[in-house]
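Participant: From first to last, the protein sequence lines are chains A and B. Mind the numbering: the first sequence is residues 6 to 401 in the working numbering, read in order. Mind the numbering: the second sequence is residues 96 to 328 in the working numbering, read in order. Note that the Cβ used here is the ideal one computed from N, Cα and C, for glycine as well. Remember, predicted model here, so these are calculated numbers, not experimental data.
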Amino acid sequence: MVLHGLFLGLPLAALDIRTLPQQIVNGLLNGSIYALIALGYTMVYGILKLINFAHGEVFMLGAYTSLFVSWAFGFTPNATVEPQTQVWYLLVMIVASMTVSGLAGVLIERFAYRPLRNQPRIASLITAIGMSMLLQYGGQLFLPNSPPPNIDAMINPYRGNVNITLVKSNENLVAAMKSAEQTKLTADSAWDAQKKLEENSFYPSAKGQALQDAAQKADRDYIEAQGKYNNSGVSILMPVGRIITTVVTFILMGVLSYLILFTKRGRAMRAVSHDFDSAALMGINVNSIVTFTFILGSTLAGAAAMMDATLYQPGLQINTFFGLLPGVKAFVAAVIGGIGNVPGAVVGGLLMGVIESLVGWAGYTSWQDAAAFVVLIVVLLVRPNGLFGSTAAEKV
Amino acid sequence: MLTIDHIDVYYGAIQALRGVSLNVNQGEIVAIIGSNGAGKSTLLRTISGLLKPRTGTIQFQDKTISGVPADQIVKLGISHSPEGRRIFTNMTVSENLLLGAYIRKDAEIEKDLEKVLLRFPRLRERIKQSSGTLSGGEQQMLAIGRALMSRPSLLLLDEPSLGLAPNLVTEIFSIVNDVNKDGTTVLIVEQNAHRALEVAHRAYVIETGSIVIEGSGKELLEDSRVKEAYLGG
Ligand SMILES: Nc1ncnc2c1ncn2[C@@H]1O[C@H](COP(=O)(O)OP(=O)(O)OP(=O)(O)O)[C@@H](O)[C@H]1O
Ligand SMILES: [Mg+2]
Numbered sequence: 006m007v008l009h010g011l012f013l014g015l016p017l018a019a020l021d022i023r024t025l026p027q028q029i030v031n032g033l034l035n036g037s038i039y040a041l042i043a044l045g046y047t048m049v050y051g052i053l054k055l056i057n058f059a060h061g062e063v064f065m066l067g068a069y070t071s072l073f074v075s076w077a078f079g080f081t082p083n084a085t086v087e088p089q090t091q092v093w094y095l096l097v098m099i100v101a102s103m104t105v106s107g108l109a110g111v112l113i114e115r116f117a118y119r120p121l122r123n124q125p126r127i128a129s130l131i132t133a134i135g136m137s138m139l140l141q142y143g144g145q146l147f148l149p150n151s152p153p154p155n156i157d158a159m160i161n162p163y164r165g166n167v168n169i170t171l172v173k174s175n176e177n178l179v180a181a182m183k184s185a186e187q188t189k190l191t192a193d194s195a196w197d198a199q200k201k202l203e204e205n206s207f208y209p210s211a212k213g214q215a216l217q218d219a220a221q222k223a224d225r226d227y228i229e230a231q232g233k234y235n236n237s238g239v240s241i242l243m244p245v246g247r248i249i250t251t252v253v254t255f256i257l258m259g260v261l262s263y264l265i266l267f268t269k270r271g272r273a274m275r276a277v278s279h280d281f282d283s284a285a286l287m288g289i290n291v292n293s294i295v296t297f298t299f300i301l302g303s304t305l306a307g308a309a310a311m312m313d314a315t316l317y318q319p320g321l322q323i324n325t326f327f328g329l330l331p332g333v334k335a336f337v338a339a340v341i342g343g344i345g346n347v348p349g350a351v352v353g354g355l356l357m358g359v360i361e362s363l364v365g366w367a368g369y370t371s372w373q374d375a376a377a378f379v380v381l382i383v384v385l386l387v388r389p390n391g392l393f394g395s396t397a398a399e400k401v
Numbered sequence: 096m097l098t099i100d101h102i103d104v105y106y107g108a109i110q111a112l113r114g115v116s117l118n119v120n121q122g123e124i125v126a127i128i129g130s131n132g133a134g135k136s137t138l139l140r141t142i143s144g145l146l147k148p149r150t151g152t153i154q155f156q157d158k159t160i161s162g163v164p165a166d167q168i169v170k171l172g173i174s175h176s177p178e179g180r181r182i183f184t185n186m187t188v189s190e191n192l193l194l195g196a197y198i199r200k201d202a203e204i205e206k207d208l209e210k211v212l213l214r215f216p217r218l219r220e221r222i223k224q225s226s227g228t229l230s231g232g233e234q235q236m237l238a239i240g241r242a243l244m245s246r247p248s249l250l251l252l253d254e255p256s257l258g259l260a261p262n263l264v265t266e267i268f269s270i271v272n273d274v275n276k277d278g279t280t281v282l283i284v285e286q287n288a289h290r291a292l293e294v295a296h297r298a299y300v301i302e303t304g305s306i307v308i309e310g311s312g313k314e315l316l317e318d319s320r321v322k323e324a325y326l327g328g
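1. Using a strict less-than 7 Å threshold between each residue's beta carbon and the heavy atoms of ligand 2, what residues do you get?
2. Buried or exposed for residue 189(A), going by 16 or more other Cβ atoms inside 10 Å?
3. Which chain B residues sit within Cβ distance under 8 Å of residue 283(A)?
4. For chain A, check one thing: does any of its Cβ atoms lie closer than 7 Å to the Cβ of residue 170(B)?
5. Report the option in 64(A), 49(A), 310(A), 246(A) whose CA atom is closest to the CA atom of residue 129(A).
6. Take residue 349(A) as the anchor and find which of 37(A), 281(A), 20(A), 320(A) has the nearest alpha-carbon.
7. Please report the distance separating the alpha-carbon of residue 299(A) from that of residue 34(A).
8. Under 8 Å between beta-carbons, which chain D residues line up against residue 136(B)? List them in chain order, please.
9. Would you list the residues sitting across from residue 170(A) in a DSSP beta bridge?
10. Alpha carbons only, please: which of 187(B), 225(B), 248(B), 140(B) is nearest the one belonging to residue 280(B)?
11. Flag residue 288(A) as yes if its beta-carbon sits less than 7 Å from any beta-carbon of chain B, otherwise no.
12. Classify residue 309(B) as helix, strand or coil using the three-state DSSP reduction.
13. Going along the chain, which residues of its own chain have a beta-carbon closer than 7 Å to the beta-carbon of residue 355(A), five neighbours each way excluded?
14. Between the Cα of residue 257(B) and those of 96(B), 176(B), 222(B), 154(B), spot the shortest distance and give me the residue it belongs to.
15. Kindly say whether residue 186(B), judged by its beta-carbon, lies nearer than 7 Å to any beta-carbon of chain A.
16. Return no unless some Cβ of chain B is closer than 7 Å to the Cβ of residue 279(A).
17. In terms of DSSP beta bridges, what is residue 285(B) paired with?
18. Please indicate yes or no: does the CB of residue 323(A) lie closer than 6 Å to some heavy atom of ligand 3?
19. Could you give the C-beta distance for residue 338(A) and residue 45(A), rounded to a whole number, given that I count them as a contact under 8 Å?
20. For residue 322(B), which of helix, strand or coil comes out of DSSP?
21. By Cβ distance below 7 Å, which residues in the same chain neighbour residue 129(B) in space, the five residues on each side in sequence not counted?
22. Spell out a yes or no on whether the stretch 229 to 237 of chain A and the stretch 174 to 190 of chain A are touching, meaning 3 or more CB-CB pairs, one atom from each, closer than 8 Å.
23. Contact between the stretch 145 to 160 of chain B and the stretch 189 to 201 of chain B is defined here as three or more beta-carbon pairs at a separation below 8 Å; is this criterion met?
24. From the DSSP output, read off the bridge partner residues of residue 300(B).
25. For a contact defined as C-beta to C-beta under 7 Å, what are the partners of residue 230(B) on chain A?
26. Cβ atoms of residue 245(B) and residue 169(B): under 7 Å apart, would you say?
27. Could you tell me whether the stretch 119 to 138 of chain A touches the stretch 51 to 68 of chain A, where touching means 3 or more Cβ pairs closer than 8 Å?
28. Name the DSSP beta bridge partners of residue 106(B), please?
29. Any heavy atom of ligand 1 inside 6 Å of the beta-carbon of residue 238(B)?
30. Rounding to the nearest angstrom, what Cα-Cα distance links residue 281(A) and residue 310(B) in this structure?
31. Just checking residue 132(B) against ligand 1 - is the residue's beta carbon closer than 6 Å to any of the ligand's heavy atoms?
32. Determine the extent of the alpha helix (DSSP H) in which residue 150(B) is found, giving its start and end residues.
33. Would you mind sorting residue 101(B) into buried or exposed? The rule is 16 or more other CB atoms within 10 Å of its CB.
34. Tell me, please, whether the CB atom of residue 275(A) is closer than 7 Å to any CB atom in chain B?
35. What is the C-beta distance between residue 153(A) and residue 314(A), in whole angstroms, given that I count them as a contact (C-beta under 8 Å)?
36. Measure the alpha-carbon distance for residue 180(B) versus residue 326(A) and round it to whole angstroms.
In structure tokens, the structure reads:
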């Protein structure tokens with residue numbers, strides 16, 4: 006809907022409806038990472054009514070952790086040995102990223118936000134922006150620019166693709182393809198035979214020229230027939246690495262939902278998010294719940310960072326701004342879902358991924374990163390509480 | 096049981112309590128009455144640790160509790176049902192009640208939940224309902240029930256009758272009486288002075304942050320100053 010209004014009147018590149026399923030799947034796979042980061046924004050907002058702008062940098066620190074751990078395993082950018090990758094390397098990387106990110110989140114809360122908790126909210130907000138920039142720019146003093154961990158192609162669980170055929174290729178085109186192939190083979194061998202005869206002459210004879218032209222034309226015809234056959238079907242290609250990260254994402258989100266909805270601590274989190282004083286009157290230590298919330302949100306960002314950094318993405322570099330765009334997109338995802346709303350953040354993240362993918366599909370690849378901002382503005386104008394936000398009704 | 100000795104409480108530069116002293120004995124119902132802005136809620140919030148007195152001390156069962164954070168004070172046996180109910184409207188009735196028992200790890204939470212539901216049958220019917228959809232009276236019952244779930248020895252109630260229809264007010268006060276008979280000491284803040292003085296063993300009148308009158312519930316019902324200011328002549 007949003008897209009419709011947005012691109013109305015703009016020339017759309019020829020939309021190929023058959024690639025649409027692939028684009029949507031790509032969007033969902035990318036979006037699950039946004040969802041994981043968005044959870045951190047939304048949980049912290051739910052508790053402190055603070056937008057933790059440094060969350061993207063917590064993500065960035067997680068990515069660096071994965072990078073350094075991968076170096077320790079021997080996956081340096083110019084390593085000459087072919088390292089024997091094992092699955093447990095990946096586990097160590099993700100656990101290390103989650104730990105460092107979790108720690109970073111806790112320290113940021115403790116030393117940057119907590120002292121300002123009783124001050125007007127704008128003070129924390131500005132501190133959050135300052136914290137974000139401090140890590141982005143200050144981090145450059147200590148952190149290298151580097152290609153991401155160089156392991157995805159070699160590691161087993163990341164290798165390969167899953168191909169799902171939605172619509173089978175048209176069998177009527179098989180005969181045409183076969184006959185084109187036959188023609189091609191005949192023409193090729195005729196030209197090959199003639200070539201042998203004319204081995205010593207620099208220019209081909211007229212007959213040779215004609216045979217060469219025929220062979221080349223037969224080649225083109227065959228490729229065309231093959232393309233026609235392939236394009237008459239619809240299939241979805243999913244890199245195994247993407248599938249794994251998406252599954253891990255959903256497992257983590259499931260654990261989080263269980264924790265929030267069904268455990269005593271989760272109940273305490275919801276109580277604190279509703280009313281600090283009443284929660285304290287129940288005997289809940291508000292500070293420890295705030296800390297716990299930062300741990301949860303930040304470790305999820307750390308997990309997302311490890312997965313994002315280890316997937317092969319052409320041209321990807323890890324630098325101190327690594328968290329900027331994912332952070333912004335995840336923030337928009339949280340707003341789409343209604344900030345403070347945990348399931349909303351997940352749906353928002355997936356939606357954000359799909360929107361981005363569709364913008365590329367429509368031919369506006371260079372607009373993909375900007376799409377997040379457009380969506381943010383539209384959501385804030387049309388539904389400031391987000392798609393699922395009824396947060397206003399919850400406050401008494 | 097509770098001894099408050101000359102406390103001064105401030106909101107920033109504004110002084111809300113001036114040299115307030117009072118005491119509550121085991122087994123009593125003590126009422127605090129006073130007009131809007133007199134400092135009644137401030138007093139309860141200071142006892143339960145949400146505010147700290149700048150000077151003076153509060154002792155509970157021979158321990159000094161002034162300065163102890165609110166979440167620790169509940170563990171000592173003081174439960175505070177705050178003004179305006181402040182229930183967790185984002186959660187169900189049963190979740191609210193379980194949060195009342197947050198500090199407890201014993202096996203009798205279920206039993207106490209049952210007790211509360213016996214006391215407030217309306218809550219049982221709505222146990223899985225979101226508490227934000229309860230009526231004002233039901234929310235008040237939930238707030239009291241939640242406060243009881245921590246098994247307090249001292250229950251602080253801030254204006255439990257606020258905004259309720261007369262028959263509900265009667266019901267609430269009779270519940271306060273029952274709770275007290277079952278062994279819980281009660282300190283109740285009320286604007287509904289008449290009802291409060293009827294159930295209270297003793298009472299204090301607070302005006303602009305200071306205690307001005309104290310006595311038994313009966314004495315205050317007959318006191319001419321109280322009659323004029325709080326009982327409508
Ligand atoms: N958070 C606050 N910041 C500043 N001043 C406050 C705050 N809360 C209360 N006050 C002031 O402290 C004084 C006492 O307030 P308090 O809420 O204790 O009165 P109360 O007796 O409970 O009144 P009511 O019957 O209306 O509930 C009032 O003058 C009030 O304006
Ligand atoms: Mg009050």
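Facilitator: On the basis of the coordinates in this document:
1. 135(B), 136(B), 178(B), 253(B), 254(B), 284(B)
2. buried
3. 177, 181, 182, 183
4. yes
5. 49(A)
6. 37(A)
7. 25 Å
8. Of the protein chains in the structure, A and B, none is chain D.
9. 240(A)
10. 248(B)
11. yes
12. strand
13. 33, 36, 37, 40
14. 176(B)
15. yes
16. yes
17. 128(B)
18. Ligands displayed in this structure: ligand 1 and ligand 2; ligand 3 is not among them.
19. Going by Cβ atoms, the distance from residue 338(A) to residue 45(A) rounds to 11 Å, so no, they are not a contact pair.
20. helix
21. 135, 300, 301, 302
22. yes
23. no
24. 128(B), 308(B)
25. Neighbours of residue 230(B) on chain A: none; closest Cβ ~13 Å, over 7 Å.
26. yes
27. yes
28. 109(B)
29. no
30. 36 Å
31. yes
32. Unbroken run through residue 150(B) is the beta strand (DSSP E), 150 to 155; no alpha helix (DSSP H).
33. exposed
34. yes
35. 5 Å
36. 47 Å
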